[in-house]
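Working notes for the structure below.
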Amino acid sequence: MVNMGSVSDSSCLNKAVRQQYLNLPQRDKCQVTYIWIDGTGEGLRNKTRTLDCEPQTVEDIPEWNFDGSSTYQAEGSNSDMYLIPVAMFRDPFTLDPNKLVLCEVLKYNRLPAETNHRHRCKKVMEEVRERCIWFGMEQEYTLLGMDRHPFGWPKNGYPGPQGPYYCGVGADNAYGRDIVECHYKACLYAGVKICGTNAEVMPSQWEFQVGPCEGIDMGDHLWVARFLLHRVCEDFGVIATLDPKPMVGNWNGAGCHTNVSTREMREEGGLQVIEEAIEKLSKNHNKHIKEYDPRGGKDNMRRLTGLHETSSIHDFSAGVANRGASIRIPRQVGQDGRGYFEDRRPAANCDPYAVTRVIATTCLLVPEEDEEKE
Ligand code: ADP
Ligand code: MN
Ligand code: MN
Ligand code: MN
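For the sequence shown, UniProt numbering assigns the number 1 to the initial residue and increments by one for each residue that follows.
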């Protein structure tokens, strides 16, 4: 096969040859790929080992370790880090009985690593367990060629202006759908709770949705969905970036809208409970913005301009069916008088553990008088 320039060399290897080896019988052994978040708080790492039999639950998968000095996670000369398996999925690449396992990272002293936001999130989700908090996150991303120019865009220029691309069809409107379809199937096979997908406003920008997921499952499922996205893109030789504003100018940025409901909000009279939660969120805007991208708001500054279907990073606003607000109450929820709300502020590269933790804390835990101080 010929490399067309902007795709990777490894994606041009002969994939028919690969299939012969993947088809070899495996007998009773099981391959388990451990996945973790690296020291950047955005990057994912993985490595694989053989187990003698298929694990039935995540508890059957042993702890492991890795060299933290090679993942921006080391602490001085103690560079061994612990991998603690927390959520198990089927492996859509090497197929059953092989597994993917998402891990928490602990330092040499068994305290959570700096970018292990799951640890704190889990504690909050356990505290609010009886409120049955559900999340659904809309992950937007942009496909890039190996030259980091958006995939399918003219080499030295721009495609036509935004308009025909959102939910578009046709070779001139939808760039890279193969990746979207393969990723969707891979998520379903793995057991990731993906619930939909669509083409976005900027060409070669796409979205998938995960949810509804209760509590800690939101972060677990979104991180594994991201791993699968990067892994599928690797096969096709292109890059998926979660940068919240990959192209400056008149091009939409990429967010990770976070939809939220508690049992009370989903029941009759729920709209009032939603409005109470929004009132609390309005008093904690800056605290939330700090948690909505990995750089304390710096990344989101480029995206939350008040243009391109975003609100300004400096202001809090809320409204029914308003896509220019920080918080949107979907029209249907306004009509039904119950349901969920959407926080449109999180950036595409947010850590879902940090986002869901701060939302649950503000809406369900922080006592009213402490809000401004927190
Ligand atoms: P939008 O109209 O904002 O583009 P999407 O259809 O892309 O909305 O995404 C809707 C998201 O809301 C999905 O992730 C879905 O799982 C989530 N969701 C639906 N119902 C609830 C609920 N009751 N609580 C929390 N999240 C929900
Ligand atoms: Mn959406
Ligand atoms: Mn979207
Ligand atoms: Mn949305």
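Every residue gets a Cβ at the ideal spot worked out from N, C-alpha and C, and that includes glycine.
- Annotation for Asp235: the continuous alpha helix (DSSP H) segment containing it runs 217-236.
- At a cut-off of 7 Å, the beta-carbon of Gln209 counts as near ligand 2: some heavy atom of the ligand is closer than that.
- Following the DSSP letters along the chain, one finds Asn46 inside the beta strand (DSSP E) bounded by residues 44-51.
- Ranked by how close their Cα comes to the Cα of Trp64, the residues Arg295, Gly296, Thr48, Pro330 have Thr48 in first place.
- Trp223 is the residue among Ile216, Gly215, Trp223, Glu214 whose C-alpha sits nearest the C-alpha of Phe208.
- For Gly145, same chain residues with a beta-carbon under 7 Å away, outside a window of 5 residues either side, are Ser6, Val7, Phe151, Val238 in chain order.
- The beta carbons of Thr71 and Arg45 sit closer together than 8 Å.
- Ile329 has its alpha-carbon roughly 28 Å from the corresponding atom of His117.
- A Cβ-Cβ distance of about 7 Å is found for the pair Ile327 and Arg344, placing them in contact under the 8 Å criterion.
- For Ala190, the uninterrupted alpha helix (DSSP H) segment begins and ends at 177-190.
- About 29 Å separates the beta carbon of Val201 from that of Asn284, a gap too long to meet the 8 Å contact definition.
- The residues Cys363, in chain order, have a CB closer than 6 Å to that of Ala277 in the same chain once the five nearest residues on each side in sequence are set aside.
- Ala87: member of the beta strand (DSSP E) spanning 80-90, first to last residue.
- Ligand 2 has a heavy atom closer than 7 Å to the beta-carbon of His257.
- In the DSSP assignment, Leu281 falls within the alpha helix (DSSP H) that extends over 270-282.
- For Lys99, the enclosing beta strand (DSSP E) begins and ends at 99-106.
- Three or more beta-carbon pairs drawn from the stretch 343-359 and the stretch 238-249 are found closer than 8 Å, and the two stretches are therefore classed as touching.
- For Trp64, the beta-bridge partners assigned by DSSP are Leu83.
- Runs of the beta strand (DSSP E) spanning 3 or more residues and lying entirely within the stretch 335-369 occur at 341-343, in chain order.
- Three or more Cβ pairs closer than 8 Å define a contact, and the stretch 94-113 falls short of that threshold against the stretch 159-175.
- The beta carbons of Ser10 and Phe236 sit no closer together than 8 Å.
- The beta carbon of Glu200 sits no closer than 7 Å to any heavy atom of ligand 4.
- Distances from the alpha-carbon of Arg120 to those of Val105, Lys29, Thr305 put Val105 closest.
- Going by DSSP, Val210 is part of the beta strand (DSSP E) stretching over 205-214.
- Annotation: the continuous beta strand (DSSP E) that includes Gln31 extends over 30-37.
- Here His257 has Glu138, Glu342, Arg344 as same chain residues with Cβ atoms under 6 Å from its own Cβ, once five neighbours each way along the sequence are excluded.
- At a Cβ-Cβ threshold of 8 Å, Glu214 and Trp134 count as neighbours.
- For Thr142, the pairing in a beta bridge is given by DSSP as Gln205, Thr241.
- Going by beta carbons, Ala240 and Pro92 fall outside the 8 Å limit.
- Excluding residues up to 5 positions away in sequence, Ile179, Cys182, His183, Ala186 lie with their Cβ nearer than 8 Å to the Cβ of Val232 in the same chain.
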